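One rule links them: number in my numbering = place in the sequence shown (from 1) + 2. Built from N, CA and C at the ideal position, the CB exists for glycine as well. Remember, it's a predicted structure, so these values are computed and weren't measured experimentally.
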Amino acid sequence: MPLLYTCVACKSVVLADYADVVGNFESATIQILERTDPNKFSRHTYSLTKYNYHVLTKNGFTFLVIADLEFPKRISFAFLEKVEARFSGSELVSRARNAKPYELRRDFTPVLESLLNQYNNTKEVDSMAHLHHEVEGVKQVMEQNLERVIQREGNLHSLQEKTEELALGAGKFKSSGVQLHRKMWWKNVKVMVVLGATLALIITIIVLITLWQKGVFSKDN
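Right under this line is the structure:
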(Lines of atoms letter the chains of each structure in order from A; the text may use other names.)
(Lines give C-alpha, C1' and ligand atoms only; values in the text may rest on other atoms or scores of the structure.)
Protein backbone atom coordinates (compact mmCIF):
# COMPACT_ATOMS: atom_id res chain seq x y z
CA MET A 3 0.00 0.00 0.00
CA PRO A 4 1.52 3.39 -0.98
CA LEU A 5 -0.31 5.87 1.31
CA LEU A 6 -1.06 4.17 4.61
CA TYR A 7 -2.22 6.68 7.20
CA THR A 8 -3.16 10.36 7.27
CA CYS A 9 -4.36 12.85 9.85
CA VAL A 10 -5.16 16.50 10.49
CA ALA A 11 -3.96 18.04 13.75
CA CYS A 12 -4.02 21.30 15.66
CA LYS A 13 -0.73 21.55 17.54
CA SER A 14 -0.31 18.04 18.98
CA VAL A 15 -4.04 17.23 19.01
CA VAL A 16 -5.16 14.87 16.24
CA LEU A 17 -8.56 16.06 15.03
CA ALA A 18 -9.33 13.45 12.39
CA ASP A 19 -7.42 10.54 10.84
CA TYR A 20 -7.75 7.58 8.55
CA ALA A 21 -5.69 4.39 8.22
CA ASP A 22 -5.83 2.24 5.10
CA VAL A 23 -4.07 -0.62 6.91
CA VAL A 24 -3.84 -1.76 10.49
CA GLY A 25 -0.78 -0.38 12.24
CA ASN A 26 0.48 1.54 15.24
CA PHE A 27 1.00 4.90 13.54
CA GLU A 28 -0.35 7.11 16.31
CA SER A 29 2.71 7.07 18.60
CA ALA A 30 5.15 8.13 15.87
CA THR A 31 2.64 10.71 14.67
CA ILE A 32 2.37 12.28 18.13
CA GLN A 33 6.17 12.51 18.39
CA ILE A 34 6.35 14.33 15.07
CA LEU A 35 3.50 16.68 15.97
CA GLU A 36 5.18 17.64 19.25
CA ARG A 37 8.30 18.89 17.46
CA THR A 38 6.44 20.62 14.62
CA ASP A 39 5.48 24.31 14.60
CA PRO A 40 2.09 24.52 12.84
CA ASN A 41 2.16 28.32 12.74
CA LYS A 42 4.98 28.35 10.17
CA PHE A 43 4.35 27.21 6.63
CA SER A 44 6.65 24.26 5.95
CA ARG A 45 6.99 20.92 4.20
CA HIS A 46 9.02 18.17 5.84
CA THR A 47 9.73 14.51 5.34
CA TYR A 48 10.88 12.24 8.16
CA SER A 49 12.14 8.76 7.34
CA LEU A 50 11.46 6.36 10.21
CA THR A 51 11.96 2.58 9.94
CA LYS A 52 10.39 1.62 6.59
CA TYR A 53 8.05 4.58 6.14
CA ASN A 54 8.21 8.24 5.14
CA TYR A 55 6.29 10.71 7.27
CA HIS A 56 5.38 13.70 5.08
CA VAL A 57 4.26 16.82 6.93
CA LEU A 58 2.64 20.04 5.74
CA THR A 59 2.05 22.87 8.25
CA LYS A 60 -0.07 25.92 7.48
CA ASN A 61 -2.22 28.44 9.38
CA GLY A 62 -1.85 26.67 12.73
CA PHE A 63 -2.69 23.18 11.46
CA THR A 64 -0.57 20.14 10.62
CA PHE A 65 -1.39 17.72 7.81
CA LEU A 66 0.45 14.40 7.87
CA VAL A 67 0.56 11.32 5.67
CA ILE A 68 2.58 8.12 6.06
CA ALA A 69 3.75 6.39 2.89
CA ASP A 70 6.04 3.59 1.76
CA LEU A 71 9.62 4.63 1.08
CA GLU A 72 9.18 4.00 -2.66
CA PHE A 73 6.05 6.10 -2.99
CA PRO A 74 6.73 9.42 -4.86
CA LYS A 75 7.07 12.40 -2.55
CA ARG A 76 5.44 14.72 -5.10
CA ILE A 77 2.22 12.72 -4.94
CA SER A 78 2.36 12.60 -1.15
CA PHE A 79 2.63 16.38 -0.91
CA ALA A 80 0.03 16.83 -3.65
CA PHE A 81 -2.27 14.75 -1.44
CA LEU A 82 -1.47 16.90 1.62
CA GLU A 83 -2.11 20.11 -0.31
CA LYS A 84 -5.47 18.76 -1.42
CA VAL A 85 -6.35 17.77 2.16
CA GLU A 86 -5.32 21.22 3.40
CA ALA A 87 -7.45 22.92 0.73
CA ARG A 88 -10.50 20.82 1.56
CA PHE A 89 -10.08 21.34 5.30
CA SER A 90 -9.36 25.09 5.14
CA GLY A 91 -12.31 25.61 2.85
CA SER A 92 -14.74 23.91 5.22
CA GLU A 93 -16.62 25.15 8.27
CA LEU A 94 -14.55 22.90 10.52
CA VAL A 95 -11.71 25.39 10.92
CA SER A 96 -13.50 27.47 13.56
CA ARG A 97 -14.33 24.36 15.59
CA ALA A 98 -10.93 22.78 15.15
CA ARG A 99 -8.87 25.26 17.17
CA ASN A 100 -10.59 24.30 20.43
CA ALA A 101 -11.59 20.75 19.52
CA LYS A 102 -10.80 17.68 21.59
CA PRO A 103 -8.74 14.77 20.21
CA TYR A 104 -10.48 13.03 17.29
CA GLU A 105 -13.54 15.26 17.64
CA LEU A 106 -13.71 15.84 13.88
CA ARG A 107 -13.47 12.19 12.87
CA ARG A 108 -17.14 11.98 11.99
CA ASP A 109 -16.96 15.10 9.82
CA PHE A 110 -13.60 14.82 8.08
CA THR A 111 -12.45 11.18 8.16
CA PRO A 112 -14.66 10.33 5.13
CA VAL A 113 -12.88 13.10 3.22
CA LEU A 114 -9.48 11.69 4.20
CA GLU A 115 -10.53 8.19 3.13
CA SER A 116 -11.79 9.38 -0.25
CA LEU A 117 -8.67 11.41 -0.99
CA LEU A 118 -6.35 8.65 0.19
CA ASN A 119 -7.96 6.14 -2.15
CA GLN A 120 -7.85 8.64 -4.99
CA TYR A 121 -4.15 9.47 -4.58
CA ASN A 122 -3.17 5.84 -4.20
CA ASN A 123 -4.10 5.55 -7.88
CA THR A 124 -0.84 7.05 -9.13
CA LYS A 125 -1.76 6.95 -12.82
CA GLU A 126 -4.89 9.00 -12.26
CA VAL A 127 -3.02 11.39 -9.99
CA ASP A 128 -0.22 11.85 -12.54
CA SER A 129 -2.79 12.68 -15.22
CA MET A 130 -4.45 15.19 -12.92
CA ALA A 131 -1.07 16.64 -11.91
CA HIS A 132 -0.05 17.00 -15.55
CA LEU A 133 -3.29 18.78 -16.38
CA HIS A 134 -2.94 21.00 -13.30
CA HIS A 135 0.64 21.81 -14.31
CA GLU A 136 -0.48 22.84 -17.79
CA VAL A 137 -3.28 24.99 -16.38
CA GLU A 138 -0.89 26.65 -13.96
CA GLY A 139 1.54 27.27 -16.82
CA VAL A 140 -1.13 28.97 -18.91
CA LYS A 141 -2.26 30.95 -15.87
CA GLN A 142 1.30 32.10 -15.18
CA VAL A 143 1.80 33.20 -18.80
CA MET A 144 -1.49 35.15 -18.70
CA GLU A 145 -0.49 36.83 -15.42
CA GLN A 146 2.90 37.79 -16.88
CA ASN A 147 1.25 39.22 -20.00
CA LEU A 148 -1.19 41.18 -17.84
CA GLU A 149 1.68 42.58 -15.76
CA ARG A 150 3.47 43.63 -18.93
CA VAL A 151 0.35 45.37 -20.25
CA ILE A 152 -0.12 47.19 -16.94
CA GLN A 153 3.56 48.16 -16.89
CA ARG A 154 3.34 49.34 -20.49
CA GLU A 155 0.25 51.41 -19.68
CA GLY A 156 2.13 52.91 -16.75
CA ASN A 157 5.12 53.75 -18.95
CA LEU A 158 2.86 55.31 -21.60
CA HIS A 159 1.08 57.36 -18.92
CA SER A 160 4.43 58.51 -17.54
CA LEU A 161 5.65 59.38 -21.04
CA GLN A 162 2.46 61.32 -21.72
CA GLU A 163 2.89 63.28 -18.49
CA LYS A 164 6.51 64.09 -19.38
CA THR A 165 5.46 65.15 -22.89
CA GLU A 166 2.77 67.44 -21.46
CA GLU A 167 5.32 68.91 -19.05
CA LEU A 168 7.76 69.54 -21.89
CA ALA A 169 5.00 71.09 -24.00
CA LEU A 170 3.98 73.31 -21.10
CA GLY A 171 7.59 74.29 -20.50
CA ALA A 172 8.07 75.03 -24.19
CA GLY A 173 4.94 77.20 -24.17
CA LYS A 174 6.19 79.14 -21.17
CA PHE A 175 9.62 79.52 -22.77
CA LYS A 176 8.03 80.76 -26.01
CA SER A 177 5.83 83.23 -24.13
CA SER A 178 8.80 84.48 -22.13
CA GLY A 179 10.81 84.81 -25.34
CA VAL A 180 8.09 86.89 -26.98
CA GLN A 181 7.81 89.12 -23.93
CA LEU A 182 11.60 89.54 -23.79
CA HIS A 183 11.72 90.33 -27.50
CA ARG A 184 9.06 93.03 -27.10
CA LYS A 185 10.81 94.43 -24.06
CA MET A 186 14.15 94.62 -25.88
CA TRP A 187 12.47 96.19 -28.95
CA TRP A 188 10.90 98.94 -26.85
CA LYS A 189 14.22 99.49 -25.11
CA ASN A 190 15.97 99.84 -28.46
CA VAL A 191 13.27 102.26 -29.64
CA LYS A 192 13.73 104.39 -26.52
CA VAL A 193 17.49 104.40 -26.98
CA MET A 194 17.16 105.41 -30.63
CA VAL A 195 14.73 108.20 -29.72
CA VAL A 196 17.06 109.52 -27.01
CA LEU A 197 20.06 109.29 -29.34
CA GLY A 198 18.12 111.03 -32.13
CA ALA A 199 16.96 113.82 -29.85
CA THR A 200 20.44 114.28 -28.42
CA LEU A 201 21.98 114.36 -31.90
CA ALA A 202 19.38 116.87 -33.10
CA LEU A 203 20.08 119.08 -30.07
CA ILE A 204 23.83 118.93 -30.68
CA ILE A 205 23.38 119.81 -34.36
CA THR A 206 21.09 122.70 -33.45
CA ILE A 207 23.63 124.06 -30.94
CA ILE A 208 26.45 123.77 -33.48
CA VAL A 209 24.40 125.55 -36.14
CA LEU A 210 23.48 128.35 -33.73
CA ILE A 211 27.10 128.80 -32.64
CA THR A 212 28.25 128.92 -36.28
CA LEU A 213 25.63 131.46 -37.20
CA TRP A 214 26.47 133.58 -34.17
CA GLN A 215 30.16 133.54 -35.08
CA LYS A 216 29.34 134.73 -38.58
CA GLY A 217 27.38 137.57 -37.12
CA VAL A 218 24.07 136.45 -38.36
CA PHE A 219 22.51 137.56 -35.11
CA SER A 220 24.40 140.96 -35.13
CA LYS A 221 22.30 144.20 -34.89
CA ASP A 222 24.16 145.73 -37.85
CA ASN A 223 22.81 143.03 -40.05
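In the structure shown, D39 adopts coil according to DSSP, grouped into three states. Uninterrupted beta strand (DSSP E) stretches at least 3 residues long and entirely within the segment 47-107 occur at 53-60 and 63-70, given in chain order. In this structure the segment 48-60 does not lie against the segment 92-102, because fewer than three pairs of beta carbons, one per stretch, are closer than 8 Å. With fewer than 16 other CB atoms across the displayed protein chains lying within 10 angstroms of its CB, F43 is exposed. By the 16-neighbour rule on beta-carbons within 10 angstroms, L114 is buried.
At least 8 Å separates the beta-carbon of C12 from that of A18. In the same chain as D39, and ignoring 5 residues on each side of it, the C-beta atoms closer than 7 Å to its own belong to T59, in chain order.
Comparing alpha carbon positions, the residue from N123, K192 and K189 closest to F81 is N123.
Contact annotation, L117 with K84: C-beta distance approximately 6 Å; criterion of less than 8 Å satisfied. If you compare the alpha carbons of P4, S78, T64 and D22 with that of T31, the shortest gap goes to T64.
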